[in-house]
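In this note's numbering, the protein residues as written are 12 to 293. The C-beta atom is built at its ideal place from N, Cα and C for all residues, glycine as well. Quantities reported herein were computed from a predicted structural model and do not represent experimental measurements. Taking it in order: structure first as structure tokens, then the write-up.
Structure representation (structure tokens):
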């Protein structure tokens, strides 16, 4: 059941990224993220009120808030890396770092992996790299120093996303969904402060606003599924499966936008499916 929830979390998160990406085609990314975070906060409040028993405390606020800040910093660093680097290099680097960190943290905290599970982990990490590869080869003549800088930012962005998973996993087991409320409070506060400093208008036209709100609801749905799964399962495996989100993003781009999927991405999708089977058997 935990594997199913983790995989569902990844598929929903990939859908959120797809919808959010559509919104950013017609509006600034920072504004879209603010709107989606607002929708995510409202969604978290509703589900926390329905599913959580009792109130919240400082432990949930601290761990959840730190997770939210790491997630927001990861998003900011990712946009910076994409704006100043080669997308075909930045995207897989970020995804691989985000997938690897929960595995490392889980193993260090005592998670035991069988031989099949180890093979599944390696297949999943490889699939994240392959699926995230785009067809943009325009960076072939890019300055090496600039490329190295963008890879550095991509690694930091991936670390931010990975820490979001790790910190949520360390919230109290009986805190239910309140850490997600605090995570969104922290991330939204940071984004609004940055918006005020840069004097960014938060207005959105109707179409991208609807997409941004939907993206926020889906993103929070993914976080809820992850939190439920990781409280009853292994951080290494649940965190890794939740990081397979590029698969659903790529598939949606193929079937909705009719984008061409490269052969290497097909291989990545097959590896992702194989990793799920190996982790389930292991």
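Beta-carbon within less than 7 Å of residue i's beta-carbon, same chain only, minus the 5 sequence neighbours each way: which residues are those?
{"i": "residue 131", "result": "286, 289, 290 and 293"}
{"i": "residue 16", "result": "236, 239 and 240"}
{"i": "residue 91", "result": "164"}
{"i": "residue 13", "result": "240, 243, 244 and 249"}
{"i": "residue 233", "result": "20, 23, 24 and 27"}
{"i": "residue 116", "result": "177 and 246"}
{"i": "residue 134", "result": "282, 285, 286 and 289"}
Ends of the alpha helix (DSSP H) at residue i?
{"i": "residue 126", "result": "126-143"}
{"i": "residue 230", "result": "217-243"}
{"i": "residue 12", "result": "Where residue 12 is concerned, there is no enclosing alpha helix (DSSP H), given that its DSSP letter is neither H nor E."}
{"i": "residue 253", "result": "246-253"}
Report yes if the CB atom of residue i is closer than 7 Å to the CB atom of residue j, and no otherwise.
{"i": "residue 48", "j": "residue 161", "result": "no"}
{"i": "residue 200", "j": "residue 190", "result": "no"}
{"i": "residue 113", "j": "residue 176", "result": "yes"}
{"i": "residue 30", "j": "residue 225", "result": "yes"}
{"i": "residue 254", "j": "residue 109", "result": "yes"}
{"i": "residue 70", "j": "residue 187", "result": "no"}
{"i": "residue 202", "j": "residue 81", "result": "no"}
{"i": "residue 275", "j": "residue 144", "result": "yes"}
{"i": "residue 159", "j": "residue 246", "result": "no"}
{"i": "residue 43", "j": "residue 264", "result": "no"}
{"i": "residue 193", "j": "residue 59", "result": "no"}
{"i": "residue 252", "j": "residue 18", "result": "yes"}
Helix, strand or coil for residue i per DSSP?
{"i": "residue 64", "result": "coil"}
{"i": "residue 181", "result": "coil"}
{"i": "residue 43", "result": "helix"}
{"i": "residue 270", "result": "coil"}
{"i": "residue 157", "result": "helix"}
{"i": "residue 212", "result": "coil"}
{"i": "residue 90", "result": "helix"}
{"i": "residue 79", "result": "helix"}
{"i": "residue 117", "result": "helix"}
{"i": "residue 28", "result": "helix"}
{"i": "residue 37", "result": "coil"}
{"i": "residue 188", "result": "coil"}
{"i": "residue 195", "result": "helix"}
{"i": "residue 265", "result": "helix"}
For residue i, decide whether its Cβ has a neighbour in chain D, counting only Cβ atoms nearer than 7 Å.
{"i": "residue 213", "result": "In the structure shown, chain D cannot be found, because there is only a single protein chain."}
With a threshold of 8 Å on Cβ separation, who are the neighbours of residue i within its own chain once the five nearest residues in sequence on each side are excluded?
{"i": "residue 195", "result": "48, 51, 52, 55, 79 and 231"}
{"i": "residue 258", "result": "21, 22, 25, 138, 142, 279, 280 and 283"}
{"i": "residue 210", "result": "none"}
Considering only residues of the same chain and omitting the five flanking positions on each side of residue i, which have a CB-CB separation below 6 Å?
{"i": "residue 105", "result": "89, 165, 168 and 169"}
{"i": "residue 101", "result": "92, 93, 161 and 165"}
{"i": "residue 260", "result": "25, 28 and 29"}
{"i": "residue 38", "result": "215 and 219"}
{"i": "residue 77", "result": "178"}
{"i": "residue 118", "result": "247"}
{"i": "residue 67", "result": "189"}
### Query
For the region 201-220 against the region 27-41, are there 3 or more C-beta pairs whose distance is under 8 Å?
yes
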